[in-house]
Every structure is written in structure tokens, then in C-alpha cells.
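Line by line, the protein sequences are chains A and B. This note's numbering applies: residue 224 is where the first sequence begins, and numbers increase by one. This note's numbering applies: residue 397 is where the second sequence begins, and numbers increase by one.
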Amino acid sequence: GDSVTQMEGPVTLSEEAFLTINCTYTATGYPSLFWYVQYPGEGLQLLLKATKADDKGSNKGFEATYRKETTSFHLEKGSVQVSDSAVYFCALSDRGSGYSTLTFGKGTMLLVSP
Amino acid sequence: GAGVSQSPSNKVTEKGKDVELRCDPISGHTALYWYRQRLGQGLEFLIYFQGNSAPDKSGLPSDRFSAERTGESVSTLTIQRTQQEDSAVYLCASSLGLGSGGDTQYFGPGTRLTVL
Chain A
224 GDSVTQMEGP VTLSEEAFLT INCTYTATGY PSLFWYVQYP GEGLQLLLKA TKADDKGSNK
284 GFEATYRKET TSFHLEKGSV QVSDSAVYFC ALSDRGSGYS TLTFGKGTML LVSP
Chain B
397 GAGVSQSPSN KVTEKGKDVE LRCDPISGHT ALYWYRQRLG QGLEFLIYFQ GNSAPDKSGL
457 PSDRFSAERT GESVSTLTIQ RTQQEDSAVY LCASSLGLGS GGDTQYFGPG TRLTVL
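Below is the structure:
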């Protein structure tokens, strides 16, 4: 079945550091890929998405590129801020049966210090 | 319009009691999903509704769990005879459903269930 694997956290960075959170997936067909973010005490928010190979999703300075050859969707940001501290979830949506439940990774906590 | 809403935001119950959780999806969204998030874990899919089709119940962990949806609006998730392992945040999401762009899910704030 489908699965998503992301790097374990927590990831601890200083403000303005470069961020990479790795995500790889296993799926049949051609899934859509997502990054969701969960800020402390809040619900899940869609951060960015990509629907086909080589697409780049971007939002709020974060980027991720859909790499079919490596089945990856790594999240990057050039300069993190304290306000980026949150849990980040990589997910895929498999249209294999005509609909699209999400399969999530376990989440990666990011802690950014001033 | 408004996003996905859920109620209650917090629920504390005693082991063995039944609980009912409510989700109001975004207006016009034909697809509705329930997930469970245990402490420190990712999200587990529970159940999916698409329009008037039969729901996909493949993620429900036991027959104590059930869900209903009235047309393309409100959904309720019911847990009977709650157990301590049911303690989790229950998240609801909705999406436009089948077709282009329909696979982006928008989440509610969740209901935190604590079973004593």
C-alpha cells in the first residue's frame, strides 16, 4: 500500500538557517504530494502541494519539488524564522480508486531558536 | 466562506461511555474525511464520504466506531463504549471531491478526546 516516510525530529535550527526536511513516498500510479503544517495548539494547514512530476510547490518561502525518479518531496526553506516552529507533515493523495484519501508521514517537529 | 468546523473542541469522558463528534465541512465540498491523530503520531485515516456514494469505512479501527453524513453537509463520528486507547485528536477534513483540484483537503481544528 501507499506510505510516506519523513525524517524524524525534532529538527533544531537557529534563526536564518537553511531548512531541509526529507520526505520519500511509495505509491501506485501518480499521486499528488502535499506538505501540511501544524502550529502549536492549532489545526493542520495546507502549506504547499504538487500534482505531477517536476512540479514545484511553494508558499511562505517554503518549497518542495516532486521528484518521481527518487520518489521524494523534500521541504526546503532558505532562512527559517522562530515563527516557523511547528510540526510538518508530508502526505500523498492516491487517485487509484477514483478518490483521494491522504496518507501521512509521522510528522517532523521543527524548533527554531532566536 | 467559513472553514471546516468541529465540535466540541475538547471532550473528556469516562471509559465505557459513548461519544459523538461533529464536523461541518466547507460549503460545496462533496468529500468529507475523518482522521485520528494520536499523541506524537501522524494521522490515521478513518472514514471517507463522497457525495451520496457508500462511504469508505476501511480505516475504522473497530465496530465501536461509526460515522454518518447527511447529504453533503454535517457528519458525526460516534465511538461507542470508549476505551482509553481511543484518546486522540479527531480531525475532520473536506475537499471538493472528484476532479481537478479536488484532492486538496482542508482540515478542521479537531476534537481532543480524553478517555479516563
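Positions of the beta carbon are idealized from the N, C-alpha and C atoms, including for glycine.
Could you check where the beta strand (DSSP E) with residue i kicks off and where it finishes?
| i | result |
| --- | --- |
| ARG418 (chain B) | 415-420 |
| ARG508 (chain B) | 507-511 |
| GLN446 (chain B) | 439-446 |
| GLU299 (chain A) | 298-300 |
Using DSSP with H/G/I as helix, E/B as strand and the rest coil, what is residue i?
| i | result |
| --- | --- |
| SER491 (chain B) | strand |
| VAL305 (chain A) | helix |
| GLU481 (chain B) | helix |
| MET332 (chain A) | strand |
| ASP452 (chain B) | strand |
| VAL400 (chain B) | coil |
| PHE327 (chain A) | strand |
| PHE241 (chain A) | coil |
| SER423 (chain B) | coil |
| GLN501 (chain B) | coil |
When DSSP builds the beta bridges, which residues end up paired with residue i?
| i | result |
| --- | --- |
| ALA273 (chain A) | A:LEU256 |
| ARG460 (chain B) | The partner list for ARG460 (chain B) (beta bridge, DSSP) is empty, contrary to what the question assumes. |
| LYS279 (chain A) | A:THR288 |
| VAL227 (chain A) | A:TYR248 |
| LEU346 (chain B) | Outside the shown range of chain B, which is 397 to 512, sits residue 346 (chain B), and nothing can be said about it. |
| LYS407 (chain B) | B:LEU509 |
| TYR429 (chain B) | B:TYR444 and B:ALA489 |
Less than 7 Å between the CB of residue i and some heavy atom of the ligand NAP, yes or no?
| i | result |
| --- | --- |
| GLY264 (chain A) | The model depicted lacks the ligand NAP and carries no ligand whatsoever. |
Taking residue i and residue j to be in contact with their CB atoms under 8 Å, please state how far apart those CB atoms are, rounded to whole angstroms.
| i | j | result |
| --- | --- | --- |
| HIS297 (chain A) | ALA309 (chain A) | About 17 Å; that fails the 8 Å criterion. |
Starting from residue i, find everything on chain C with Cβ-Cβ shorter than 9 Å and list it in chain order.
| i | result |
| --- | --- |
| GLY284 (chain A) | Annotation note: the requested chain C is absent from the structure, which comprises protein chains A and B. |
Quiz item: If you measure beta-carbon to beta-carbon, which residues of the segment 420-443 of chain B are closer than 9 Å to chain A?
Solution: Listed by position, the residues of the segment 420-443 of chain B near chain A (Cβ gap below 9 Å) are ALA427, TYR429, TYR431, GLN433, GLY436, GLN437, GLY438, LEU439, GLU440 and PHE441.
Exercise. Residues of the segment 246-263 of chain A with a CB closer than 8 Å to any CB of chain B: list them in chain order, please.
Key: Result list: SER255, PHE257 and TYR259.
Exercise. Please name the residues in the segment 498-510 of chain B whose beta-carbon is closer than 8 Å to at least one beta-carbon of chain A, in chain order.
Key: Of all residues in the segment 498-510 of chain B, only GLY498, ASP499, THR500, GLN501, TYR502, PHE503, GLY504, PRO505 and GLY506 come within less than 8 Å of chain A when Cβ atoms are compared, listed by chain position.
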